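To start, the structure itself, in C-alpha cells.
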Amino acid sequence: MAKYKSDFLRVLEARGFIQDVTEPEALDKLLSSETVTAYIGFDATATSLHAGSLIPIMMLYWLQETGHKPIVLLGGGTTKVGDPSGKEEMRKVLTEDGILDNIRGISGTFERVLTNPTIVNNDEWLSELNYIEFLRDYGRHFTINRMLTMDSVKSRLEREQPLSFIEFNYMIMQAYDFVELHKRFGCQFQMGGSDQWGNIVNGIDLGRRVADAHMFGLTTPLLTTSSGKKMGKTAEGAVWLNDDLLPAYDYWQYWRNAEDADVGRFLRLITTLPLSEIERLEKLEGSEINEAKKILATEATALNHGRKTAEKARATAEETFAGSGLSQDLPTVEVGSSELDAGMGVLSALHLAGLATSNSEARRHIKGGAARVNDQAVSDEKLVLTGKDANADGVIKLSVGKKRHVLLKPV
272 MAKYKSDFLR VLEARGFIQD VTEPEALDKL LSSETVTAYI GFDATATSLH AGSLIPIMML
332 YWLQETGHKP IVLLGGGTTK VGDPSGKEEM RKVLTEDGIL DNIRGISGTF ERVLTNPTIV
392 NNDEWLSELN YIEFLRDYGR HFTINRMLTM DSVKSRLERE QPLSFIEFNY MIMQAYDFVE
452 LHKRFGCQFQ MGGSDQWGNI VNGIDLGRRV ADAHMFGLTT PLLTTSSGKK MGKTAEGAVW
512 LNDDLLPAYD YWQYWRNAED ADVGRFLRLI TTLPLSEIER LEKLEGSEIN EAKKILATEA
572 TALNHGRKTA EKARATAEET FAGSGLSQDL PTVEVGSSEL DAGMGVLSAL HLAGLATSNS
632 EARRHIKGGA ARVNDQAVSD EKLVLTGKDA NADGVIKLSV GKKRHVLLKP V
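Counting from 272, one number per residue, gives the positions in the sequence shown under my numbering.
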C-alpha cells in the first residue's frame, strides 16, 4: 500500500475503490500538500438513491475523513437531459416539479453520511445559460470526431440504438459543471463510476482550455457481485436507501444475504470498519461466515439509517429466525378490517404484502412450498384469509422462504 503517500488515495487503494486516475503522482502530491475540494455528481432520476450509489457516497465520506472538502453536485439541470452512459435507451423525461421532489428525497442520504456537506444543484447555472453564447464559448472546444469515440455514444451507435441530440449534449454540460465548480469553489478533482471516465476527462480538458486550470479525475469500478449481478438490484427491484421505499429491516436483510465471496469486498467498500477487523472477518469459513454477514448488514444499515435502527433490525431478524415466531418490528401492511372479514385469497394477500409481484408468482411460491401463513406452510392456493386468522397480536404473518416476512394488520 506504499503506492500512494496521501491518506485519501491510500485509503481508497486499500479498500478497492480505484480503477483509473488521471496523473496519479501529481494528484497524490496535491492531496498530500493541501486541502483539496472534490465533487461527485448525482442525477435526480428517482426520489431515492439505491445501493449502487453507496460507492461514490463512501468516496466522499473518506475524502472528508482524510481532511478534504467534498461537494455533492445534484443534477437538477442535467437530469432534464439524461446521461446516456451505460443506458440502452433515452431516459424518461421528468417534469421540473418531479426533479425537485427527487432532489428533496435524495438529499437526506448525504446529510446522514457526511458532516455538513456542501450540496449544490447544477440547475443554478445550467438553466441560466444562453444557448448561442454557450456554444460559442464552450461547444467549440468539443469535436464531433472525439465525441463519437466516447463509450456512452459509441456503444449506442454500435447497437444501432437511438441517441438523441439532447443526450449527445450531456457530456458538454457535465464538463461545464466541472469548470463552474472550479470557478465557484476552487474544485480541482472529480470522481465517479468507471462509466463516467469520458465525461470526467472532458471536464479536465475543458478546464485547461478555458480557465488554464489543472484538474484531476478518478473512477471506481462499477460494482457487481461475485456471481456477476449488478449491485443494488434484486428480483423485487432496486435496493433503495430511503426507508419509505425500502424498510430498514429489508435493507439489513439485503446485506445479510450477500454471497460468501463478496463479504470482505463489501465490508471494505460500504462500511467504516478497520481493515484489520475486515481481514479477520473475511477469513471465517463455513457457518461462521454468517456472523461476518450480520456485521456487514448491521454496519451498512447503521451508516444509512443510524446505529439504533441497525441494531433493531438485527434483533428483529435474530428473533424471527430463532423461531420465536413473530416480531412487531417486521414490515407491516395495513388492510381494511371489513375487506379482510369478507375474505381475502392467499394469492392476493401475498401480492398485497409485496411478497409476490403477481398472483401467478404467489401461486408458484405455494406450489414450491415456500409460502406460509402464521408460520404454517400453505398448500392450497384457494385458501381464504379472514380476520379470524389474526393471531394474539392482532396480525397475520405472511412469509415466503426463510427470510422474507410481512405482517398483515387489519385496521
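Just so it is clear, CB atoms sit at the ideal spot from N, CA and C, and this is done for glycine as well. Since this is a predicted model, take the numbers as computed values, not measurements.
Nearest candidate by alpha-carbon position, reference residue i, set the options
{"i": "Ile437", "options": "Leu611, Gly348 and Asn392", "result": "Gly348"}
{"i": "Thr657", "options": "Gly614, Ile637 and Leu621", "result": "Gly614"}
{"i": "Phe460", "options": "Val666, Asn645, Pro341 and Leu621", "result": "Pro341"}
{"i": "Ala297", "options": "Met421, Leu280, Tyr310 and Ile566", "result": "Leu280"}
{"i": "Val292", "options": "Thr569, Gly463, Ser619 and Gln335", "result": "Gly463"}
{"i": "Thr316", "options": "Gly607, Gly376, Lys653 and Trp333", "result": "Gly376"}
{"i": "Val384", "options": "Trp333, Glu559, Asp278 and Arg430", "result": "Trp333"}
{"i": "Val606", "options": "Pro681, Leu283, Asp372 and Thr318", "result": "Pro681"}
{"i": "Leu544", "options": "Leu555, Glu559, Leu567 and Leu371", "result": "Leu567"}
{"i": "Ala484", "options": "Gly474, Lys638, Gln445 and Ser304", "result": "Gly474"}
Whole-angstrom distance between residue j and residue i, CA atom to CA atom
{"i": "Met418", "j": "Trp468", "result": "13 Å"}
{"i": "Asp612", "j": "Arg527", "result": "37 Å"}
{"i": "Val424", "j": "Tyr441", "result": "11 Å"}
{"i": "Val666", "j": "Leu679", "result": "6 Å"}
{"i": "Ala642", "j": "Ala571", "result": "29 Å"}
{"i": "Ile443", "j": "Val450", "result": "11 Å"}
{"i": "Arg480", "j": "Thr308", "result": "20 Å"}
{"i": "Glu294", "j": "Gly488", "result": "8 Å"}
{"i": "Ser609", "j": "Tyr525", "result": "34 Å"}
{"i": "Asp278", "j": "Asp299", "result": "9 Å"}
{"i": "Thr587", "j": "Leu601", "result": "7 Å"}
{"i": "Asn387", "j": "Ile326", "result": "19 Å"}
{"i": "Tyr520", "j": "Thr389", "result": "30 Å"}
{"i": "Ser595", "j": "Asp660", "result": "With a pLDDT of 48 at Ser595, under the threshold of 50, the predicted position of this residue should be treated as unreliable, and no value is reported."}
{"i": "Gly262", "j": "Leu517", "result": "Here the chain has residues from 272 to 682 only, and residue 262 is not among them."}
Where the alpha helix (DSSP H) through residue i begins and ends
{"i": "Ile377", "result": "Glu367 to Val384"}
{"i": "Ile443", "result": "Tyr441 to Phe456"}
{"i": "Ile637", "result": "Asn630 to Lys638"}
{"i": "Tyr275", "result": "Here Tyr275 belongs to no alpha helix (DSSP H), and DSSP marks it neither H nor E."}
{"i": "Gln432", "result": "That residue, Gln432, is in no alpha helix (DSSP H); it is neither H nor E in DSSP."}
Distance CB(residue i)-CB(residue j) smaller than 8 Å
{"i": "Ala581", "j": "Trp523", "result": "yes"}
{"i": "Gly346", "j": "Gly369", "result": "no"}
{"i": "Arg585", "j": "Lys565", "result": "yes"}
{"i": "Asp651", "j": "Lys668", "result": "no"}
{"i": "His412", "j": "Asp514", "result": "no"}
{"i": "Leu320", "j": "Asn393", "result": "no"}
{"i": "Arg635", "j": "Leu618", "result": "no"}
{"i": "Leu493", "j": "Asp466", "result": "yes"}
{"i": "Val246", "j": "Val671", "result": "This structure gives no information on residue 246, because the portion of the chain shown stretches from 272 to 682."}
{"i": "Asp531", "j": "Ile560", "result": "yes"}
{"i": "Leu452", "j": "Tyr409", "result": "no"}
Residue span of the beta strand (DSSP E) that contains residue i, given as start and end
{"i": "Lys668", "result": "Ile667 to Val671"}
{"i": "Gly694", "result": "Residue 694 lies beyond the stretch modelled for the chain, which goes from 272 to 682, so this question has no answer here."}
{"i": "Asn513", "result": "Careful: Asn513 lies outside any beta strand (DSSP E) and carries neither H nor E."}
{"i": "Met502", "result": "Element bounds for Met502: n/a, residue is neither H nor E."}
Residue i classed as buried or exposed, judged by whether at least 16 other C-beta atoms fall within 10 angstroms
{"i": "Phe288", "result": "buried"}
{"i": "Val649", "result": "buried"}
{"i": "Arg675", "result": "buried"}
{"i": "Pro558", "result": "One detail in the question is off: residue 558 reads as Ser in this sequence, not Pro. So Ser558 counts as exposed."}
{"i": "Arg539", "result": "buried"}
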